[in-house]
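Peer 1: I'd like to ask you about the structure that follows.
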Amino acid sequence: MMRQRFFPFSGLLLLIMSCTTARHAAQVQEPSVSIKPTTATLDKFGYLYYGNTQQEIYKIDKDGNEQGYYSNNRLGNVSIIDVTNPLKILVYFQDFFTGIFLDRQLNETSRFNMIDLGYGQIEVVGSSLDGALWIFDDHAQRLNKVDQQGGVLQRGQDLRLLFNERLRPIKIVEANGMLHLLVPNRGLLLFDLFGQYQTQVLLPDLRDFQILDNLMVYTTDDQLFKYSFQTHLSTLVWETTIQNGEKMLWSGGDQISLVSKEGIKKLQLTAKN
């Protein structure tokens, strides 16, 4: 039975920007929800998912109502929540190199362990729209698409042959028929769905990103931008200060929600002159 729980914050929409006017945070309220999240994300329908320090995962609708709950205190903190497919949600626990799939109500449907599958200590995984997994093999320096039994569906090229450095990506996202690999101090590497390198977006200060249609919305340490894959231009949306471990989610209008380990804060935004 779904537990009735209410979280008092307004509807959260993913960093969707249509304006090009830079804004800044003029006012910061105290945390409106003391959930102590370790990670958070939004799906394409506007549902917020977060994992907390009690090894719990919540799914919250735009009105703050709980729509799903999962708890497991044997796998460590939640490292990754990937809602590429909101009907088959990938959750990864880096401490034990274990992943689970959840249905839309956050019921566990399957589980896998990267060491048991023979891939070793995989730290970066992503979900594919067809229900498979994308993993970055740090030892082999390549992307692989695998099924939950460990079978290789697509094997990417050896990136050591393309780059004169050892890549340490921190995020994989499949969207719009492409793979997007976030590599700190370099930017975004783009691959086709066979794991073959295509191009890169050089953004050394890139900290986090989300793909929205033909746009990438991304943050640096103190600014929020939107980048067009068609024009290859970045537009400053607003300026603020993002501390280590914080994540911004936009609630529309003149507010954003800042998710940190202390909870969710509301930032009131005003347009710059």
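Residue numbers for the sequence shown follow my numbering, beginning at 158 and rising by one. Heads up, the beta-carbon is just placed ideally off N, CA and C, and yes, glycines get one too.
(1) Are G313 and F348 closer than 8 Å when you measure CB to CB?
(2) Determine the direct distance from the alpha carbon of A197 to that of I173, and round the result to whole angstroms.
(3) Can you have a look at Q355 and say buried or exposed, based on whether 16 or more other CB atoms are within 10 angstroms of its CB?
(4) If you run the structure through DSSP and keep just helix, strand and coil, what is L390?
(5) May I ask you to verify whether the segment 325-337 touches the segment 289-298, counting CB pairs closer than 8 Å and requiring at least 3?
(6) Determine the DSSP secondary structure at R483, reduced to helix, strand or coil.
(7) Go ahead and pull the three-state DSSP assignment for Y226.
(8) Is it true that the segment 259-268 meets the segment 224-232, where meeting means three or more beta-carbon pairs spaced less than 8 Å apart?
(9) Buried or exposed for K201, going by 16 or more other Cβ atoms inside 10 Å?
(10) For K422, name the three-state secondary structure that DSSP assigns.
(11) Considering only their Cβ atoms, is the gap separating F258 from Y311 smaller than 8 Å?
(12) What does the alpha-carbon distance come out to for the pair Y206 and I214?
(13) Just verifying my parser: in three-state terms, what is the DSSP assignment at E187?
(14) From A182 to D379, what does the alpha carbon distance come to, in whole angstroms?
(15) Alpha carbon to alpha carbon, what distance is there between R323 and G420?
(16) For R286 and N333, which I take to be in contact (beta-carbon distance under 8 Å), what is that distance rounded to the nearest angstrom?
(17) Does the distance from the C-beta atom of I237 to that of V282 stay below 8 Å?
(18) Can you check DSSP and say which residues form a bridge with N301?
(19) Would you list the residues sitting across from F269 in a DSSP beta bridge?
(20) Rounded to the nearest angstrom, how far is the Cβ of L345 from that of F366, given a contact under 8 Å?
(21) Tell me which same chain residues have a C-beta within less than 7 Å of the C-beta of F254, skipping the five on either side of it?
(22) Rounded to the nearest angstrom, what separates M405 and L381 at their Cα positions?
(23) Exposed or buried, which one is P361 when buried takes at least 16 other CB atoms within 10 Å?
(24) Do P194 and G203 have their CB atoms nearer than 8 Å?
Peer 2: Once the coordinates are examined:
(1) yes
(2) Its pLDDT being 31, under 50, I173 is placed unreliably by the model, and nothing is read from it.
(3) exposed
(4) coil
(5) yes
(6) Summary: the structure shown does not reach residue 483, with the chain confined to residues 158 through 430, and so no result is reported for it.
(7) strand
(8) yes
(9) exposed
(10) strand
(11) Checking the sequence shown, residue 311 turns out to be Gln, not Tyr. No, the Cβ-Cβ distance between Q311 and F258 is not below 8 Å.
(12) 7 Å
(13) Only weak support is given to the placement of E187: the predicted model assigns it a pLDDT of 48, under 50, and the question is left unresolved by the model.
(14) Note that A182 has pLDDT 46, beneath the 50 cutoff, so the model's placement of it is unreliable and the number below is only indicative. Their Cα atoms are separated by approximately 11 Å.
(15) 35 Å
(16) For clarity, residue 286 is Leu in the given sequence; the question names Arg instead. With 8 Å as the limit, L286 and N333 do not qualify as a contact, their Cβ atoms being about 10 Å apart.
(17) yes
(18) I292, R312
(19) G256
(20) 7 Å
(21) N270, M271, I272, Q278, I279
(22) 9 Å
(23) exposed
(24) no
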